[in-house]
Amino acid sequence: MTLNEIVQKLISKFPDNILDSNPEGVEPFIKVAPSDIFDIIKFLKEDPEIDLSFLNLITGVDWNQDNRIEVVYHLSSVAFQSHKLAIHAFLDRKAPRIPSICGLYGAANWHERETYDLLGVEFEGHPDMRRMLLPDDWEGHPLRKDYQFPEEYHGIKWA
Amino acid sequence: MSDSHNENSNKENLTNPMTKSANPNIPGERYGNQVILTTLNDFFSWAKASSIWPMQFGLACCAIEMMATAATGFDMDRFGAAVFRSSPRQSDLMIVAGTVTFKMGERIKRLYEQMPEPKYVLAMGGCAINGGPYSLYGYHVVKGVDRYIPVDIFVPGCPPRPEQLLEGIIKLQELIRQKELLKRESMIYDPKRNSPKTNQ
Amino acid sequence: MPYTDRKDYCASINENFGCCLAVEKLLGCEIPERADYLRVIMAELNRIASHLLVTGVFGLDTGAFTPMLHTFRERERVLDLFEEICGARLTYHYIRIGGVSQDAPEGWLNRVREFLDYFEPKIDEYNQLLSENTIFINRTANIGVLTPEVAINFGCSGPMLRGSGVKWDLRKNDPYSIYDRFDFDIPVGTGEKGAVGDCWDRYMVRIREMVQSVRIIRQAVDGITEGPIKAKLPRVLKVPQGEAYTRSETPRGEVGFYIVSTGEDKAYRMRLRSPSFCNLSVLAEISQGSMIADLVCILGSVDIILGDVDR
Chain A
1 MTLNEIVQKL ISKFPDNILD SNPEGVEPFI KVAPSDIFDI IKFLKEDPEI DLSFLNLITG
61 VDWNQDNRIE VVYHLSSVAF QSHKLAIHAF LDRKAPRIPS ICGLYGAANW HERETYDLLG
121 VEFEGHPDMR RMLLPDDWEG HPLRKDYQFP EEYHGIKWA
Chain B
1 MSDSHNENSN KENLTNPMTK SANPNIPGER YGNQVILTTL NDFFSWAKAS SIWPMQFGLA
61 CCAIEMMATA ATGFDMDRFG AAVFRSSPRQ SDLMIVAGTV TFKMGERIKR LYEQMPEPKY
121 VLAMGGCAIN GGPYSLYGYH VVKGVDRYIP VDIFVPGCPP RPEQLLEGII KLQELIRQKE
181 LLKRESMIYD PKRNSPKTNQ
Chain C
1 MPYTDRKDYC ASINENFGCC LAVEKLLGCE IPERADYLRV IMAELNRIAS HLLVTGVFGL
61 DTGAFTPMLH TFRERERVLD LFEEICGARL TYHYIRIGGV SQDAPEGWLN RVREFLDYFE
121 PKIDEYNQLL SENTIFINRT ANIGVLTPEV AINFGCSGPM LRGSGVKWDL RKNDPYSIYD
181 RFDFDIPVGT GEKGAVGDCW DRYMVRIREM VQSVRIIRQA VDGITEGPIK AKLPRVLKVP
241 QGEAYTRSET PRGEVGFYIV STGEDKAYRM RLRSPSFCNL SVLAEISQGS MIADLVCILG
301 SVDIILGDVD R
């Protein structure tokens, strides 16, 4: 299957939730509504002709000018070499929430925790939503564009 | 015992039995070269300096250079300092090799407190000295491990070459030889002067 | 760019490589052929250095001290070659956007050949010393078995995935740079000493990969052409607006660079998919039911670089 066919199949399955798509660019992507991300990725993973069974990474991007946060899922396939797709979902910056895909990919667990840690995106249904890299009592999410560097941490000056 | 030490500390007491007839009233002559007179201080510091046991404590890329220094090619054992211990309770020297984050800093402090006296710290690499490449934008990087624990030797570099680390070890040995036995090491470090609040 | 050196410090050049691929994908620039060959030679040499370190240290983890001294001896020779071409022992920053930083000095390629001749017989020595050692086999075979399904589900890559018997190498499956010109095999775990995907398989894949790297370097050294080593690029690089995700094969697995550019000279967002991070996340899964002492083995065979995990 070409990427174009995959996207057509996806649109026929989820007509309302695919907001935008570009399967033929340098970086093939689709933009979806965040509420249905679990079903869409489940379909992509479990359809034997598409087989996007390898989760490359989950990224959060903070667009503070537009007041939203973007979550990007990069999926690829082990069986089919040309199957690579990026899935974008845009969230509200004040309270970013999106369903977790931990039930589909084991790899998603740590990626989602890291995204929560650094950008503050809440993944609903995640089994263990804690900070991952920073200490538990750290304030703020450092990769947000308006993040202020802390003055001190436990009595140790920052600068 | 090393010959150089022998000469330095009590040259006049030792005579060569090959050139002179032995005089049993002089201790050095009665036993040939088998007796050495030295001060307790010198003896202990010599022993301390040549049996440094560092702690296995690698944090980042400097740890790889630390391993390379201990392994074939550079062989840190020549200087008596390559018996790496996994436990802080068995080690004298903490080589802080790598980037120290705030999360790690508190653990480093705890490990340091677990080490028995006398204890020494060697900060290896730019990251451990002042944050190195992460000093400007590293929100989680401690700008120098000396904000948590007293550091005796700084070895700059990113990462330092094995030769530099060896030089650091030799400098540390010099430092150990200078220290007096009955003074506790941690008393030399003045916490008021070096406390994190004033050290900026 | 220099930060990528310090991310996975055992394989800096492979990290540089991945980062440059991402930026070049956005720029759409062409790389001179000689630079491509130099990149491949350096990346494969670095793969050898990294695998030497890992196999030696894995021996250390399982209680065999001597193999580490042997592997470090060869590793120093590789580092000498690196030092000659770019002046650094560990953090090279050799591959630049649009090419490489230095051309090979005179006679360097011959010295690479000499090293390969010297190095190939040494691999048998490691096999005698460690791989076929009964104590080592007892400690690693059937320990930490990773099935292919779990490996794919957890996003494992590199020797972890190949150790489980999945023939997946980005140099072959999604060729970047000029890897499609070389002839080499992908070693996979076959479960010779125990189950497929145990610690021994993962270890052995690394040893066999070194043989393949030697093959690639030989072909590259013979096929290298004269010419420029850098593409002509402006001094202040403005990357066009857009985003790119590239993946390449480091000694630890798939490294992905995701760059979002808004058309300025700095990336708006850069996210790295680091192989150690994903490989480590499977640790809890595969170590269930094994002894604490085996955990050391499993951790050693996963081959993590902590700088790569927390970035």
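Protein chains in written order, with my numbering: chain A, 1 to 159; chain B, 1 to 200; chain C, 1 to 311.
Glycine is no exception: its CB is placed at the ideal position from the N, C-alpha and C atoms.
Rounded distance between the beta-carbons of residue j and residue i, thought under 8 Å
| i | j | result |
| --- | --- | --- |
| residue 148(C) | residue 165(C) | 6 Å |
| residue 165(A) | residue 132(A) | Limits of chain A in this structure are 1 at one end and 159 at the other, which puts residue 165(A) out of reach. |
| residue 152(B) | residue 172(B) | 6 Å |
| residue 113(A) | residue 91(A) | So it is not a contact: roughly 17 Å between Cβ atoms. |
| residue 79(A) | residue 51(A) | 5 Å |
| residue 77(C) | residue 83(C) | The pair is not a contact, with the Cβ atoms about 11 Å apart (cut-off 8 Å). |
Bridge partners - residue i, DSSP secondary structure assignment
| i | result |
| --- | --- |
| residue 163(A) | Within the shown structure, residues of chain A are numbered from 1 to 159, placing residue 163(A) beyond reach of any answer. |
| residue 74(A) | 57(A), 86(A) |
| residue 73(C) | Partner(s): none; residue 73(C) has no beta bridge. |
| residue 149(B) | Answer by DSSP bridge pairing: none, since residue 149(B) is not bridged. |
| residue 97(C) | BP columns for residue 97(C) are empty, so no partner. |
| residue 63(A) | 68(A) |
| residue 92(A) | 68(A) |
| residue 159(B) | According to DSSP, which records beta bridges pairwise, residue 159(B) is partnered with nothing at all. |
| residue 85(B) | 55(B) |
| residue 141(B) | 101(B) |
| residue 230(C) | 99(C) |
| residue 156(A) | 153(A) |
Endpoints, alpha helix (DSSP H) assigned at residue i
| i | result |
| --- | --- |
| residue 200(C) | 199-223 |
| residue 118(C) | 108-126 |
| residue 322(C) | The structure shown does not extend to residue 322(C), since chain C is modelled only from 1 through 311, so no value can be given for it. |
| residue 39(A) | 37-46 |
| residue 170(B) | 162-178 |
| residue 296(C) | 292-302 |
| residue 96(B) | Not the alpha helix (DSSP H): residue 96(B) falls in the beta strand (DSSP E), residues 93-97. |
| residue 6(A) | 3-13 |
| residue 61(B) | 61-70 |
| residue 43(C) | 33-61 |
| residue 46(B) | 40-49 |
| residue 117(A) | 108-119 |
| residue 283(C) | 283-286 |
Unbroken beta strand (DSSP E) run spanning residue i, endpoints
| i | result |
| --- | --- |
| residue 249(C) | 242-250 |
| residue 261(C) | 253-261 |
| residue 20(A) | 18-22 |
| residue 154(B) | 153-155 |
| residue 271(C) | 269-273 |
| residue 31(A) | 29-32 |
Own chain partners of residue i with C-beta closer than 7 Å, once the 5 adjacent residues on each side are dropped
| i | result |
| --- | --- |
| residue 180(B) | 41 |
| residue 162(B) | 65, 68, 69, 74 |
| residue 238(C) | 263, 264, 265 |
| residue 101(B) | 140, 141, 142 |
| residue 68(C) | 56, 57, 59, 60 |
| residue 203(C) | 55, 58, 140, 301 |
| residue 210(C) | 48, 51, 123 |
| residue 154(B) | 123, 129 |
| residue 268(C) | 260, 261, 262 |
| residue 185(C) | 212 |
Own chain partners of residue i with C-beta closer than 8 Å, once the 5 adjacent residues on each side are dropped
| i | result |
| --- | --- |
| residue 145(A) | 62, 64 |
| residue 101(C) | 86, 93, 94, 95 |
| residue 156(A) | none |
| residue 270(C) | 257, 258, 259, 260 |
| residue 113(C) | 218, 221 |
| residue 228(C) | 32, 34, 35, 99 |
| residue 224(C) | 34, 37, 38, 41, 109 |
| residue 18(C) | 4, 246, 247, 248, 250, 255, 256, 257 |
Cβ-based neighbour list, residue i, same chain, cut-off 6 Å, excluding 5 preceding and 5 following
| i | result |
| --- | --- |
| residue 282(C) | 154, 156 |
| residue 175(C) | none |
| residue 159(B) | 61, 62, 65, 125 |
| residue 135(B) | 143 |
| residue 10(B) | A caution first: residue 10(B) carries a pLDDT of 49, below 50, which makes its placement in the model too unreliable to give a value. |
| residue 201(C) | 163, 189 |
| residue 142(C) | 194, 195, 198 |
| residue 23(C) | 97 |
| residue 8(B) | For residue 8(B), the predicted structure reports a pLDDT of 48, less than 50, and the residue's modelled location is therefore unreliable. The matter cannot be settled from this model. |
| residue 200(B) | Legend: pLDDT at residue 200(B) = 35, less than 50; position of this residue unreliable, no value from coordinates given. |
Cβ of residue i within 8 Å of any chain F Cβ
| i | result |
| --- | --- |
| residue 278(C) | No chain F appears in this structure, whose protein chains are A, B and C. |
- Task: Tell me the start and end of each unbroken alpha helix (DSSP H) in the region 113-139 of chain B that is at least 4 residues and wholly inside, in chain order.
- Result: 125-130
- Which ranges does the alpha helix (DSSP H) cover as unbroken runs of at least 4 residues, wholly within the region 124-204 of chain C, from first to last along the chain? 134-140, 148-153, 159-163, 170-173
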